[in-house]
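> There's a structure below that I have some questions on.
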Amino acid sequence: MARIRQVNSKAAATASTDDSEPEEENLELTEEEQWRIVNETGVLKQFAAPHSQKPPDETEEALPLAEEIFNATLFVIPILVHWQYGKRPTYTALADRMLPGVPILSIFIFYTTRYKRFRWMQSLFFLLSLAVGPRLIWLINMASWRVVMKQCPPLATIWVYTVVQLDLGPAVLSLAIIGGWLWCSGMKLVL
1 MARIRQVNSK AAATASTDDS EPEEENLELT EEEQWRIVNE TGVLKQFAAP HSQKPPDETE
61 EALPLAEEIF NATLFVIPIL VHWQYGKRPT YTALADRMLP GVPILSIFIF YTTRYKRFRW
121 MQSLFFLLSL AVGPRLIWLI NMASWRVVMK QCPPLATIWV YTVVQLDLGP AVLSLAIIGG
181 WLWCSGMKLV L
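Start counting the sequence shown at 1; every next residue gets the next number (UniProt numbering).
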């Protein structure tokens with residue numbers, strides 16, 4: 001080991017006394033060549049890989065179509081349940097009431113569930129909640145009982161659905177705005 005150091009020190013001494021410029025130019029690399037060598041060796045990729053991971057929202061994979069349909073069905077079924085006023089509906093009455101609404105409701109729920117993480121869909125839910133909530137409250141307080149029986153169930157369903165689909169922050173903000181409007185207008189939620 002000592003011998004190798006002596007040989008290296010002698011070589012360094014002769015190199016320092018020899019002022020040959022061509023050897024120094026060969027030892028110097030341009031910045032472009034240095035980056036090329038670093039990129040070819042892959043050293044940066046080993047250290048940059050853990051830090052370059054995408055946030056969890058971007059790495060989420062899209063659900064398969066079958067799962068999206070299943071999720072939409074889970075929302076459609078409770079909305080279509082029809083057992084009001086203590087009467088048991090007949091299958092004919094259920095079919096007459098639900099068949100026209102099921103296709104459009106299913107498409108609406110399917111696409112709003114699919115795109116609920118997008119900012120534009122959250123904005124749509126927020127605005128829809130702000131429009132439907134006060135309308136429902138106004139109907140309960142000011143409209144006749146016939147109008148209430150016709151318009152309130154669909155409005156309540158849409159309002160609950162939009163608040164459920166909203167992220168927590170916009171949902172709370174929406175309910176706070178509607179609560180402020182309710183307090184300022186002097187209306188009540190109790191029938």
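Where a beta carbon is used, it is the ideal one built from N, C-alpha and C, also for glycine.
(1) Between the stretch 176 to 184 and the stretch 133 to 152, do three or more beta carbon pairs fall short of 8 angstroms?
(2) Assign residue 118 to one of three DSSP states: helix, strand, or coil.
(3) What did DSSP end up calling residue 90 once you bin it into helix, strand or coil?
(4) Just to confirm, is the Cβ distance from residue 137 to residue 187 under 7 angstroms?
(5) Please go through the same chain and pick out, in chain order, the residues whose beta-carbon is closer than 8 angstroms to the beta-carbon of residue 148, but skip the five residues on each side of it.
(6) Excluding the 5 residues preceding and the 5 following residue 144 in the sequence, name in chain order all residues of the same chain whose CB lies nearer than 8 angstroms to its CB.
(7) In whole angstroms, what separates the C-alpha of residue 121 from that of residue 154?
(8) Out of 163, 100, 40 and 88, which has the shortest C-alpha to C-alpha gap to residue 125?
(9) Between the alpha carbons of residue 58 and residue 31, how many angstroms are there, rounded?
(10) Quick check: the Cα distance between residue 169 and residue 119, rounded to an integer number of angstroms?
(11) Quick check: what's the CA-CA separation for residue 177 versus residue 127?
(12) Taking 7 angstroms as the cut-off, decide whether the C-beta atoms of residue 41 and residue 72 are in contact.
(13) Excluding the five sequence neighbours on either side, which residues of its own chain have a C-beta within less than 7 angstroms of the C-beta of residue 115, listed in chain order?
(14) Roughly how many whole angstroms lie between the Cα atoms of residue 117 and residue 68?
Let me lay it out:
(1) Verdict: yes, contact present.
(2) Judged by DSSP in its simplified three-state form, residue 118 adopts coil rather than helix or strand.
(3) When DSSP states are grouped into helix, strand and coil, residue 90 belongs to the coil group.
(4) Yes, Cβ-Cβ distance for residue 137 and residue 187 is below 7 angstroms.
(5) Here the set comprises 139 and 140.
(6) Cβ neighbours of residue 144 beyond the five flanking positions: none.
(7) If you take the alpha carbons of residue 121 and residue 154, they lie about 20 angstroms apart.
(8) Comparing Cα-Cα distances from residue 125 to each of 163, 100, 40 and 88, the minimum goes to 163.
(9) Per-residue confidence for residue 58 stands at a pLDDT of 47, beneath the threshold of 50, marking its modelled position as unreliable; the derived number appears in the next sentence. Taking the straight line joining both Cα atoms gives about 35 angstroms.
(10) Residue 169 and residue 119 have their C-alpha atoms spaced approximately 13 angstroms apart.
(11) Between the alpha carbons of residue 177 and residue 127 lies a distance of about 11 angstroms.
(12) Their beta carbons are not under 7 angstroms apart, which means residue 41 does not touch residue 72 by this criterion.
(13) So the list reads 121, once near-sequence residues are dropped.
(14) If you take the alpha carbons of residue 117 and residue 68, they lie about 14 angstroms apart.
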